[in-house]
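For the sequence shown, our numbering assigns the number 193 to the initial residue and increments by one for each residue that follows. Down below is the structure, laid out as structure tokens.
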Amino acid sequence: TIHSLLEDAGIQQAVEWTDEGTRTCTTLLDLATNQMTELIEPSDTVSAEAVANLTRTVHNALPTSKGVALCGTFPPGVDESVYASVATSMPPDAVLLLDGFKGVSATLATGRVDCLKINSEELHMLTGIEGDDDDAAASRCIRQHLSARGCLAITRGPAKATLYSHHSSEADKLEAVDFEIPPLDAVNPIGAGDTCTAGMLYGLAGGYAQVDAFRWGLACASASCLSLKGADFALS
């Protein structure tokens with residue numbers, strides 16, 4: 193199981209075991225086209241007791257946390273108030289990275305998100321802007337959802353990534369920094385996005401500037417693609 197694999201790797205976990213079945217996501221990779229298709233099973237409804245227990249566990253850990261990443265969507269039985277409650281209960285000097293675009297309105301409304309990391313397609317779905325003008329979508333996203341200290345990290349698979357933030361001196365402008373992704377002999381790209389999130393949170397919580405933290409996260413994501421087992425690389 194995922195739990196035992198992480199345990200074998202020495203990664204500490206806080207798990208709330210449920211009687212309800214949870215979903216399995218199967219990713220199919222077409223080696224001829226490098227296109228991926230995700231088959232996502234439905235999930236049973238998680239009990240209110242299990243949700244309350246896990247929420248309590250997370251809240252108990254917040255006072256000593258330097259950073260938190262809220263990632264992905266949640267199963268039936270969990271609503272967006274869980275993410276929002278974490279956001280409003282974090283220490284003021286801790287970093288909050290949000291990696292998700294569905295059911296995150298309440299979390300974004302707290303004004304507590306330091307970094308929103310999503311891909312280009314998700315950006316347009318979140319903002320409702322059609323087409324491929326990422327700059328326009330990013331401008332709307334930042335002005336509607338992020339505080340003056342917040343940043344927006346946009347990935348595009350193997351294409352360039354972009355970090356958007358408020359301009360340092362002109363309030364009505366945004367700063368955009370592009371990152372070129374080097375060509376890779378990728379073995380397994382599955383999980384690269386989550387690896388980027390983890391690497392970026394590591395950087396932000398460690399005091400890196402936003403641009404350096406995103407660069408570090410992208411480097412981790414690239415390294416993750418080079419082995420069959422995701423995120424299996426040396427930090428050096």
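Backbone N, C-alpha and C fix where the C-beta goes; we use that ideal spot for every residue, glycine too. A quick note: this is a predicted structure, and the numbers were derived from the prediction, not measured.
Sixteen is the threshold: since fewer than 16 other Cβ atoms of the shown chains lie within 10 Å of the Cβ of residue 228, the residue is exposed. Boundaries of the alpha helix (DSSP H) harbouring residue 198: 194-200, taken from the DSSP string. Burial of residue 310 is indicated by the presence of at least 16 other C-beta atoms within 10 angstroms of its C-beta. Here residue 232 carries a strand assignment [DSSP, helix/strand/coil]. By the 16-neighbour rule on beta-carbons within 10 angstroms, residue 414 is buried. In this structure, the CA atom of residue 348 is about 20 Å from the CA atom of residue 419. A contact is defined here as three or more CB-CB pairs under 8 Å, and the segment 281-291 meets this definition with respect to the segment 253-271. Residue 249 sits exposed, since fewer than 16 C-beta atoms from the chains shown fall within 10 Å of its C-beta.
In this structure, DSSP gives residue 337 a helical state, which the three-state scheme calls helix.
Judged by DSSP secondary structure, residue 215 falls outside any beta strand (DSSP E); it is assigned neither H nor E. Within the model, the alpha-carbon separation for residue 387 versus residue 205 is close to 17 Å.
At the C-beta level, residue 264 and residue 292 come within 7 Å of one another.
For residue 307, the closest alpha carbon among the candidates 237, 324, 281 and 354 is that of 354. In the same chain as residue 233, and ignoring 5 residues on each side of it, the C-beta atoms closer than 6 Å to its own belong to 215 and 216, in chain order.
With a cutoff of 7 Å on beta-carbon distance, residue 356 and residue 344 are scored as near each other. Taken through DSSP and simplified to helix, strand or coil, residue 418 comes out as coil. For residue 383, the closest C-alpha among the options 412, 321 and 253 is that of 412. When C-alpha distances from residue 239 are compared across 226, 267, 252 and 195, the shortest belongs to 267. In summary, residue 231 is exposed, with fewer than 16 beta-carbon neighbours lying within 10 Å of its beta-carbon over all protein chains present. Of the residues 313, 317 and 409, the one whose Cα lies closest to the Cα of residue 297 is 317.
Within the segment 290-369, the runs of alpha helix (DSSP H) at least 4 residues long that lie entirely inside it are, in chain order, 297-301, 312-319 and 326-337. Per DSSP, reduced to three states, the secondary structure at residue 387 is helical. Under the DSSP definition of a beta bridge, residue 219 partners with 230. Per DSSP, reduced to three states, the secondary structure at residue 243 is helical.
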